[in-house]
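Sequential numbering of the sequence shown, starting at 97, is according to our numbering.
Right, one structure below, let's go through it.
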Amino acid sequence: MDDGSLGGVWELLLPRFGEITGGTVEALTPILVLIIWVAAGCAIGFASVQYHRGVGAIREIKSLVDGRRVEDLLAHRNEVLQEASTKSDVAANAWREFDETLVLEGGRLYNTLAAEEFFHEQVFAPRLVGNRFLHAIPTVLTTLGLLGTFAGLTIGLRGIELGSSGDELRSGIQVLVEGAALGFTASLWGVFMSLVVNVTERLLERGVVTRTRALQTTIDKFFQLRSPEQSLSDIATHTGESEKALQVLHEKIGSALQESVARVGAQTERAISDAITSTLAPVMENLAERAANQSADVFQAVSAQLTGTFEKMGLSLAEELSRSAGQMRATLDYMGEQLARQADQHLTQMTAMQEASVQQLADLRAATAEQMTMLQDALPRVITGLDSAASRIGSATEGFAGVAGALAGATDELRNTSTSLGTMLTSAVGSMDELASKTSAAAMTLTTQHQAVEQLLTTTLSASQSLTAVSESLRGGFTGMSAAQQAFLADLEKTLHRQSAEMAAWLAAYSDEVSKHTTRRMDEWNTQTSRFTSEMVSATKAMSDAIDEMGSRSQPAGVIQP
97 MDDGSLGGVW ELLLPRFGEI TGGTVEALTP ILVLIIWVAA GCAIGFASVQ
147 YHRGVGAIRE IKSLVDGRRV EDLLAHRNEV LQEASTKSDV AANAWREFDE
197 TLVLEGGRLY NTLAAEEFFH EQVFAPRLVG NRFLHAIPTV LTTLGLLGTF
247 AGLTIGLRGI ELGSSGDELR SGIQVLVEGA ALGFTASLWG VFMSLVVNVT
297 ERLLERGVVT RTRALQTTID KFFQLRSPEQ SLSDIATHTG ESEKALQVLH
347 EKIGSALQES VARVGAQTER AISDAITSTL APVMENLAER AANQSADVFQ
397 AVSAQLTGTF EKMGLSLAEE LSRSAGQMRA TLDYMGEQLA RQADQHLTQM
447 TAMQEASVQQ LADLRAATAE QMTMLQDALP RVITGLDSAA SRIGSATEGF
497 AGVAGALAGA TDELRNTSTS LGTMLTSAVG SMDELASKTS AAAMTLTTQH
547 QAVEQLLTTT LSASQSLTAV SESLRGGFTG MSAAQQAFLA DLEKTLHRQS
597 AEMAAWLAAY SDEVSKHTTR RMDEWNTQTS RFTSEMVSAT KAMSDAIDEM
647 GSRSQPAGVI QP
């Protein structure tokens with residue numbers, strides 16, 4: 097081919113860009129060619145940018161495992177994850193999701209999903225691979241080229257007039273050929289650029305896919321895939337082994353549980369026995385000691401008060417008798433002077449006064465005897481009350497003995513403690529009997545004193561009768577003797593009233609003291625009994641709970657054993 101033909105080809109291929117500024121219809125072809133070039137260049141540039149982004153993300157992922165060994169992945173897992181977080185968002189997110197699926201077993205990492213689930217071309221180059229708009233660019237370029245062809249034919253056809261002359265028709269055909277040539281130029285560039293864009297796009301997409309497949313292969317070499325089916329098979333194997341182990345394990349558990357229940361029962365029994373013994377023994381000893389000390393103190397105080405009262409009574413009576421004897425001697429001297437003169441005058445009055453005195457002494461004696469009778473009646477009631485208290489304490493002792501007998505089946509230590517309790521209570525009853533005996537001795541002492549008072553009254557009556565006989569024989573100093581006798585009787589009456597009041601006050605004090613002592617002893621006894629009963633109930637409840645717990649623990653063992 098000669099140079100002229102080549103020049104004509106290049107003239108046909110290269111658009112006439114100078115026509116753009118001419119403002120004619122021939123400017124349409126270069127404009128369409130420019131549009132085709134610009135569209136092709138934008139498509140190729142966009143695809144190249146997406147290609148480089150995808151390849152860069154693939155290189156970042158590959159750099160995380162390059163230079164590492166399979167054995168070191170577990171030790172450097174956190175380090176790799178930390179390094180991945182410094183990469184691009186695409187690489188960081190893809191590796192983080194892949195790391196979440198890794199499982200540790202036997203000192204090695206396994207992936208439960210294939211690498212292609214996380215590292216594929218849609219992740220690294222989503223705008224390049226499968227981009228329908230980008231795939232439509234070659235079609236658009238071809239369409240623009242065809243548009244130029246049809247535009248050139250349209251322009252050429254406008255210059256042909258079929259009814260014109262031959263020269264005009266030949267000129268119109270020339271215009272049609274030139275327009276067709278311009279249109280074919282645009283179509284040629286459209287098809288050519290469409291081919292270039294399509295090939296470039298496919299090459300770039302293929303490059304991303306190839307590198308992605310290589311990355312998937314590399315990652316799969318580092319991490320062995322553990323499929324769900326294989327995991328289910330391993331679970332079934334392990335379940336069978338566990339079933340075999342459990343068949344032997346329940347027998348061991350039953351034996352160990354029985355031994356534990358027996359050991360807990362023995363320890364519980366020993367602990368309850370020690371607790372009851374250490375709690376009740378000091379309480380009972382303290383109760384017996386305080387009962388004995390209080391009984392001795394009360395009786396000592398009462399005896400001292402009684403002795404002091406009778407000493408005061410004796411001294412007062414001796415003083416009154418001495419004073420009466422002195423007055424009697426003075427009266428006799430006076431009577432010696434006045435006997436003869438006054439005997440006849442006062443004989444009748446003396447007789448009447450003597451009868452009144454005898455009557456008063458008889459009334460005084462009856463009142464004294466009634467008081468002593470009341471005292472004798474009161475003392476047996478006090479003694480009877482003390483005996484009743486002792487009986488009640490004995491009944492309480494029998495009741496506690498019954499409680500001890502009921503608890504004897506639980507533990508031998510509890511029976512020994514209850515026996516010791518019965519012995520202590522018996523000692524307390526003996527102390528109360530001793531107190532009752534001492535009270536009876538005090539009553540006997542009071543009876544002796546009463547007899548002495550009666551003897552004193554008898555002596556006084558004898559002296560009064562003797563004085564009456566002297567007054568009848570002497571008749572002289574009856575007035576003085578009557579005054580002295582009245583004074584003596586008044587003093588004696590005051591003394592007896594005072595002594596009776598003191599004796600009544602002493603008896604009331606003694607009765608109050610005995611009542612307070614008995615009430616205090618019974619209150620203390622009730623307190624100790626309530627405490628002992630509460631401790632027995634707590635111990636019995638604790639033992640019942642321990643037995644129930646041992647029974648509830650031993651029941652599953654019985655169910656498990658074949």
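Beta carbons: idealized from backbone N, C-alpha and C, even for Gly.
Nothing here was measured: the structure is a model prediction, and the numbers come from that model.
Considering only their Cβ atoms, is the gap separating V287 from T239 smaller than 7 Å? no
Within the same chain, show all residues whose beta-carbon is closer than 6 Å to that of E620, passing over the 5 residues directly before and after it, in chain order. none
Neighbourhood of G303 by C-beta, 8 Å cutoff - its chain only, sequence neighbours within 5 removed: Y147, V151
Compare the beta carbon distance of F318 and V161 with 7 Å and say whether it is the shorter of the two. yes
Looking at F215: is its Cβ nearer than 7 Å to the Cβ of A180? no
Please classify A136: is it buried, with 16 or more other beta-carbons within 10 angstroms of its beta-carbon, or exposed? buried
Quick one: what's Y206 bridged to in DSSP? V199, Q320
Top-ranked residue by Cα proximity to R307, from E609, I157, V129: I157
What does the alpha-carbon distance come out to for the pair Q354 and T333? 33 Å
What do you reckon, are the CB atoms on V225 and E301 nearer than 7 Å? yes
What are the start and end residues of the alpha helix (DSSP H) that includes S144? 124-161
Pick helix, strand or coil for G226, following the three-state DSSP scheme. coil
Provide the residue span of the alpha helix (DSSP H) that contains L177, from first to last. 173-180
Which of helix, strand or coil DSSP assigns to R165: coil
What separation, rounded to the nearest whole angstrom, lies between the Cα atoms of R173 and V199? 11 Å
Could you have a look at A221 and say whether DSSP puts it in helix, strand or coil? coil
Quick test of your reading: T125 and A282, contact by CB under 8 Å. State the CB separation rounded to the nearest angstrom. 5 Å
V295: which of E415, A171, A139, Q582 sits nearest, CA to CA? A139
Nonlocal neighbours in the same chain, by C-beta distance under 8 Å from Q312, ignoring five residues either side: A210, A211, E212, F215, H216
Exposed or buried, which one is L128 when buried takes at least 16 other CB atoms within 10 Å? buried
If you draw a straight line from the alpha carbon of Q582 to that of L411, how long is it in whole angstroms? 22 Å
Can you tell me whether H216 is helix, strand or coil according to DSSP? coil
Same chain only: Cβ atoms within 8 Å of V305, ignoring 5 sequence neighbours per side: E217, V225
Can you tell me whether A188 is helix, strand or coil according to DSSP? helix
Rounded C-alpha distance that separates Q320 from R204: 9 Å
Just to confirm my understanding: we take T208, look at its own chain, exclude 5 residues before and 5 after, and list those with CB closer than 7 Å. What are they? T197, V199, R322
Keeping to the same chain, check which residues put their C-beta closer than 6 Å to that of D641; ignore five residues upstream and five downstream. none
Counting only the same chain and skipping the five closest in sequence on each side, list residues whose C-beta sits under 7 Å from that of L169. L205, F318
Exposed or buried, which one is A232 when buried takes at least 16 other CB atoms within 10 Å? exposed
Taking A221 and R149 to be in contact with their CB atoms under 8 Å, please state how far apart those CB atoms are, rounded to whole angstroms. 7 Å
Status (buried if at least 16 other CB within 10 Å, exposed otherwise) for A462: exposed
Cutting at 8 Å between CB atoms, please list the residues of its own chain near L230, excluding the five before and the five after it. A139, F142, A143, R223, L224, E297
For H540, count the other beta carbons within 10 Å of its own beta carbon; 16 or more makes it buried, fewer makes it exposed. Which is it? Note on identity: in this sequence residue 540 is Met, with His being the wrong assignment. When all chains shown are included, M540 counts as exposed.
Counting only the same chain and skipping the five closest in sequence on each side, list residues whose C-beta sits under 7 Å from that of T245. G279, F280, A282, S283
Check K348 in the structure and name its three-state DSSP category. helix
Beta-carbon proximity check, A188 vs A153, cutoff 7 Å: no
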